[in-house]
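So the protein sequences, as listed, match chains A and B.
Taking this note's numbering, I'd label the letters of the first sequence as residues 123 to 354.
Taking this note's numbering, I'd label the letters of the second sequence as residues 4 to 351.
Note sheet for the following structure.
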Amino acid sequence: MNARRYIGAAILAVSGLALAPGAAAGQMSLHGRAEVGRVEHRVRDAGMVQPSAGVVFGGALGVLVGDRFAVWGEALGGRLASDSARGEDRDVAEVQLVGEAQLRPWLTAQAGLNVRSYSTQLARQRWTTLRLGAEAHVPLALDGVRGLVRAQWMPVVSVSGLGHPDIALAAGAGVEWRGPRMSVRAVYTLERYDFSGSAATKRLEEVSSLQVGATLRLRTSGPRARDTAPSP
Amino acid sequence: MSRVALVAVLLAAPAAGAAQSTTSEMLDRAVRYHAELDVERELVILRQIVSPNSPFIVTQAQRGLAYKYLGAALVVRGQADSGILYFRAAIERDPFTDLEPQKFTPKELAAFGEAKRLTFAVGVRPVTPDTLDPRTERLTFTVLSTHAAALRVELRATGASAALPLYAADNDGPRELQWDGLLGDGRLAPPGRYELLVTGQSRLNQRGDSTRLYFSLEHDHLPLEDTLPALRPDELLPEQQPPGLARGALLKGFGLTAAALLIPRLLANGDVEGGGRTLAAGMAGAASAAGVAGFVYRQRHREIPANVAANGRRRADRATANASILQRNGERLAETRLVIGPAAGVGP
């Protein structure tokens, strides 16, 4: 019940972050993104580590409001194959809604609601996560190329069948090229979830990914929006 | 004693003006006697005027007029040769001296003509202060040779070697020459002092004579606008990246590489035995490549195209503004009027 309240608050926060600037901004542009990535998922439970990895594909739609605000809806999925004979392959599917606000030209605040499910032949586990974080951008001298570093904290994580993790953090680094209508980025991300328990039986989960995505500006309305695609 | 001096000064002060007016009155009387053919009284008055012992102040013009009437009176009296001598004296003082046909007899006119044949002089009338529009008006010089002569009239800025010939041909008597205010190159004469040189050589006795006329010329036009000054360095954007930018790009790339490599080491839980280090290494490689590529690119391309374009626009704007100013100034200069005035010599 407590988690539901958190999630409700998260939806409000994301919606507010995404929609608040709408009245002030006169420009809107619609962006689409396709991405592919390699995901490694490792779970340590009862002293055993179960690694799985696979390729995921995804797509996203984003609305850029003015030059400072954006909201993205994203979905991706794929199959993660177990690395061990004892492990099970699992399908991963994820949807998320992320709002962004550019605080400084080099710094963007992010808030998002993420729903992810892992499915095996026997069961399905659903993760609902509220993410708060920031992404810093560093120009790399090449025209339109910049590096990015991001850090996220997940204050609310609801996992079916499990309790609330004690630690839920994520960090990432990447490189992005932004052209007039298109941008391409590669981002490495690591998510860490430590659940409570004794040292021997403690459940630990880790998701690392390297995703490559291409974003295209699909449509612009109102006064001319900036010529570069927004970062998700 | 001082009172006596003061009284003497007060009494003497109006004396000069009174003497001059006396000369003028005497000339008027002489002219009146001449019209009445009372040459004896006329001669008495005129001789008083031209006498070196005359107590009166006599101007050059009055003296010339007195010589003219003396000559005429002597001709009427039958002393033509003496009359011619006085006519010549009058002509030498003022080559423009002439006898009005309605006031003088044919005999006087003939004697005066003979005096002009015997005397060679060239002259030019002083310019009167005037303002003229060179597009529609002309400055008129009146020159004269007392008899047939080869006459040459040149105009030059004082101190300049090049002269603009206004007339070079035979002449006899007065002649009006018009000047449009342009020099030989077709440009409006610049402000300054000018000299009109009149030289002549008699066709009758091969004698030569010359005279000069100085006048000042000023331009009168609406005030001209200043053109915009050249753009100062602080008004232009830097067109090249600082040399340290390439090194900075390399360092940023390496910093990003370090971040990608450190994330799995710092954030990952060692008990999970993973952290996606292979993926992180791939990302680190991409970041390194981007940093090195940025370094190499910036070493070879230091220019900032946006700033170059912005500076180009600023220069173009300035050039456009200056072109407009020059055009407006040109229009104002095209309406320049020439202010002419007499001058004394080549300069103060």
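Glycine included, C-beta positions come from ideal geometry on N, C-alpha and C.
Chain B contact for D205(A) (CB, 8 angstroms cutoff): Taking the first residue of the first sequence as 1, we reach residue 205(A) at position 83. For D205(A), the answer is no, since every Cβ of chain B falls outside 8 angstroms of its Cβ.
Min CB distance V311(B) to chain A below 8 angstroms: One-based indexing of the second sequence puts residue 311(B) at position 308. Not one chain A Cβ lies under 8 angstroms of V311(B).
Proximity below 8 angstroms, CB of L158(B) to CB of L199(B): Stepping through the second sequence from its first residue, residue 158(B) is reached at position 155. Stepping through the second sequence from its first residue, residue 199(B) is reached at position 196. Result yes, Cβ atoms of L158(B) and L199(B) sit closer than 8 angstroms.
Residue-level contact to chain B via CB, D316(A), 8 angstroms cutoff: By one-based count along the first sequence, residue 316(A) stands at place 194. It does: the Cβ of D316(A) has a partner Cβ on chain B nearer than 8 angstroms.
Beta-carbon spacing of D316(A), D288(A) below 8 angstroms: Residue 316(A) sits at position 194 when you count from the first residue of the first sequence. Residue 288(A) sits at position 166 when you count from the first residue of the first sequence. It is a contact, given that the beta carbons lie within the stated cut-off.
Touch test, the segment 271-284 of chain B against the segment 319-338 of chain B, Cβ-Cβ under 8 angstroms, three pairs minimum: no
Given A308(A) as reference, the closest of T251(A), A292(A), S331(A) once Cα atoms are compared: Within the first sequence, residue 308(A) is the residue found at index 186, counting from 1. Of T251(A), A292(A), S331(A), the residue nearest in Cα terms is S331(A).
Contacting residues, own chain, Cβ-Cβ under 7 angstroms from M286(B) (five flanking each side not counted): Taking the second sequence and counting its residues from 1, the one referred to as residue 286(B) is at position 283. Closer than 7 angstroms at the Cβ level, and outside the excluded window around M286(B), lie A263.
Which listed residue (A197(A), Q274(A), A273(A)) has its alpha carbon closest to that of G335(A): Working through the first sequence from its first residue, we reach residue 335(A) at position 213. It is A197(A) whose Cα lies nearest to the Cα of G335(A).
Per DSSP, the bridge partner or partners of A290(A): Position 168 of the first sequence, counted from the start, is the residue given in the question as residue 290(A). In DSSP, A290(A) forms a bridge with Y315(A).
Top-ranked residue by Cα proximity to Y310(A), from L183(A), G221(A), E162(A), E222(A): Numbered from 1 along the first sequence, position 188 holds the residue referred to as residue 310(A). Ranking L183(A), G221(A), E162(A), E222(A) by Cα distance to Y310(A) puts E162(A) first.
Residue interval of the alpha helix (DSSP H) (run including P308(B)): If you number the second sequence from 1, residue 308(B) lands on position 305. From DSSP, the alpha helix (DSSP H) with P308(B) extends over 308-337.
Pairwise C-alpha distance: N208(B) and H173(B): As a working mapping, residue 173(B) is identified with position 170 in the second sequence. As a working mapping, residue 208(B) is identified with position 205 in the second sequence. The displayed chain sequence assigns Asp, not His, to residue 173(B). Their backbone Cα atoms lie some 14 angstroms apart in a straight line.
Per-residue burial, T323(A) [other beta carbons within 10 Å of its own, 16 or more giving buried]: Taking the first sequence and counting its residues from 1, the one referred to as residue 323(A) is at position 201. Its Cβ having fewer than 16 others within 10 Å, T323(A) is exposed.
H259(A) classed as buried or exposed, judged by whether at least 16 other C-beta atoms fall within 10 angstroms: Position 137 of the first sequence, counted from the start, is the residue given in the question as residue 259(A). Under this definition H259(A) is a buried residue.
C-beta neighbour in chain B for V279(A), strict 8 angstroms: Residue 279(A) sits at position 157 when you count from the first residue of the first sequence. No, V279(A) does not count as interfacial toward chain B.
Amino acids of chain A, ordered along the chain, whose beta-carbon sits closer than 9 angstroms to that of E276(B): As a working note, residue 276(B) is residue 273 in the second sequence. R164, R166, V171, P173, listed in chain order.
Start and end residues, beta strand (DSSP E) containing Q209(B): On the second sequence, residue 209(B) is found 206 positions in, with the first residue counted as 1. Note, Q209(B): premise wrong, no beta strand (DSSP E); not H, not E.
Pairwise C-alpha distance: A296(B) and R305(B): What you label residue 305(B) is simply residue 302 of the second sequence in a count that begins at 1. What you label residue 296(B) is simply residue 293 of the second sequence in a count that begins at 1. Rounded to the nearest angstrom, the two C-alpha atoms are 14 angstroms apart.
Closer than 8 angstroms at the beta carbon, the chain B residues around S331(A): Within the first sequence, numbered from 1, the residue matching residue 331(A) stands at position 209. Residues of chain B passing the Cβ test: G279, L282.
Three-state secondary structure (DSSP) of S353(A): The residue given as residue 353(A) occupies position 231 in the first sequence. Below a pLDDT of 50, predicted positions are generally treated as unreliable, and S353(A), at 48, falls in that range; the measurement from the model is reported next regardless. Residue state, collapsed to three classes: coil.
Closer than 8 angstroms at the beta carbon, the chain A residues around P267(B): As a first step, residue 267(B) must be located in the second sequence, where it is residue number 264. Neighbours of P267(B) on chain A, chain order: L312, S330.
Under 7 angstroms (Cβ pairs) to chain B, residues found in the segment 263-292 of chain A: A263, L264, V267, G269, V271, L291
Residue-level contact to chain B via CB, R341(A), 8 angstroms cutoff: Position 219 of the first sequence, counted from the first residue, corresponds to residue 341(A). Chain B, which has no Cβ nearer than 8 angstroms to the Cβ of R341(A), makes this no.
Beta-ladder partner(s) of R303(A), from DSSP: As a working note, residue 303(A) is residue 181 in the first sequence. In DSSP, R303(A) forms no bridge with anything.
Counterpart residues of A256(A) in DSSP-defined beta bridges: Stepping through the first sequence from its first residue, residue 256(A) is reached at position 134. Per DSSP, A231(A), A273(A).
Limits of the beta strand (DSSP E) - the one that S320(A) falls within: In the first sequence, the residue the question calls residue 320(A) occupies position 198. Careful: S320(A) lies outside any beta strand (DSSP E) and carries neither H nor E.
Residues bridged to S157(A) (per DSSP): Along the first sequence, read from residue 1 onward, the residue named residue 157(A) stands at position 35. The amino acid occupying residue 157(A) in the given sequence is Glu; Ser does not appear at that position. E157(A) is bridged to G180(A), G335(A).
Burial state of N236(A), where buried means 16 or more other Cβ atoms lie within 10 Å: Start at 1 with the first residue of the first sequence, and residue 236(A) comes out as number 114. By the neighbour-count rule (16 or more Cβ atoms within 10 Å), N236(A) is buried.
For L253(B) and P246(B), the rounded distance between their alpha carbons: In the second sequence, counting from the first residue as 1, residue 246(B) sits at position 243. In the second sequence, counting from the first residue as 1, residue 253(B) sits at position 250. Using only the alpha carbons, I get a separation of about 12 angstroms.
A113(B) versus L142(B), G74(B), F123(B), residue with shortest Cα-Cα distance: In the second sequence, counting from the first residue as 1, residue 113(B) sits at position 110. Among L142(B), G74(B), F123(B), the Cα nearest to that of A113(B) belongs to G74(B).
Status (buried if at least 16 other CB within 10 Å, exposed otherwise) for F179(A): Residue numbering aside, residue 179(A) sits at position 57 when the first sequence is read from its first letter. F179(A) comes out exposed.
Under 8 angstroms between C-beta atoms of G315(B) and L259(B): Against the second sequence, residue 315(B) aligns to sequence position 312. Against the second sequence, residue 259(B) aligns to sequence position 256. It is not a contact, given that the beta carbons lie outside the stated cut-off.
For R226(A), the first and last residue of its enclosing beta strand (DSSP E): Along the first sequence, one-based indexing puts residue 226(A) at 104. R226(A) -> beta strand (DSSP E) spans 212-226.
Beta-carbon neighbours of F298(B), restricted to chain A and to distances below 8 angstroms: Along the second sequence, read from residue 1 onward, the residue named residue 298(B) stands at position 295. Simply A263.
Neighbouring residues, chain B, relative to L229(A) (Cβ below 8 angstroms): Within the first sequence, residue 229(A) is the residue found at index 107, counting from 1. Simply none; closest approach about 15 angstroms.
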